[in-house]
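>
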Amino acid sequence: NGFLDNGAVFHGELEFEDTMRIDGRFNGKIVSKNELIVGESARIEGEIHVGRIAISGTVIGKIQADQKIEIHRSGKVYCEIDTPALSVEEGATFQGSCVMAEAARPVGVPDLKKAVK
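Going by our numbering, the sequence shown opens with residue 274, and the numbers climb by one from there.
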């Protein structure tokens, strides 16, 4: 487990094993197969590729989550996102684009990519 506290500033590339919580400022790339928690005071700019992410602060850039993205009511997300599951609470901000994996499409729902062709 790791923690980047409010007031801390980090530039670069971060890889972690378990769960990481960021409450400070981060600029760069974050990679993990596990969970990233973005606290209310956090501001992340860059590229994120994690298993799961829970966002209560601000994220700008690109997010790929292999399992799930949660944007909580205080979260502000200005990103391209790619995930099989997305949860956005009322009051949250999301501006950007979203791609959801084919595996997340329920049975009986048509593939819009094929329908457009």
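Cβ coordinates follow ideal geometry from the N, Cα and C atoms, glycine included.
Taking the beta strand (DSSP E) that G334 belongs to, which residues open and close that run?
Where G334 is concerned, the enclosing beta strand (DSSP E) stretches over T331 to I344.
> Distance, Cα to Cα, V282 vs T366?
Rounded to whole angstroms, V282 to T366 spans 23 Å at the Cα level.
> What would DSSP say about E290, mapped onto helix, strand or coil?
Here E290 sits in coil by DSSP.
> At which residues does the beta strand (DSSP E) containing N307 begin and terminate?
Segment: none, N307 is in no beta strand (DSSP E) and carries neither H nor E.
> Beta-carbon within less than 7 Å of G280's beta-carbon, same chain only, minus the 5 sequence neighbours each way: which residues are those?
Contacts found: G297.
> Pull up the distance between the alpha-carbon of V256 and that of A358, whole angstroms please.
Residue numbering for the chain in the displayed model covers 274 to 390; residue 256 lies beyond these limits and cannot be assessed.
> Quick check on the burial criterion: 16 or more other C-beta atoms within 10 angstroms. Buried or exposed for A315?
When all chains shown are included, A315 counts as buried.
> What three-state label does DSSP hand S314 in the structure shown?
In this structure, S314 counts as coil in the three-state DSSP scheme.
> Could you tell me whether the Cβ atoms of E313 and S329 are closer together than 8 Å?
Yes, the Cβ-Cβ distance between E313 and S329 is below 8 Å.
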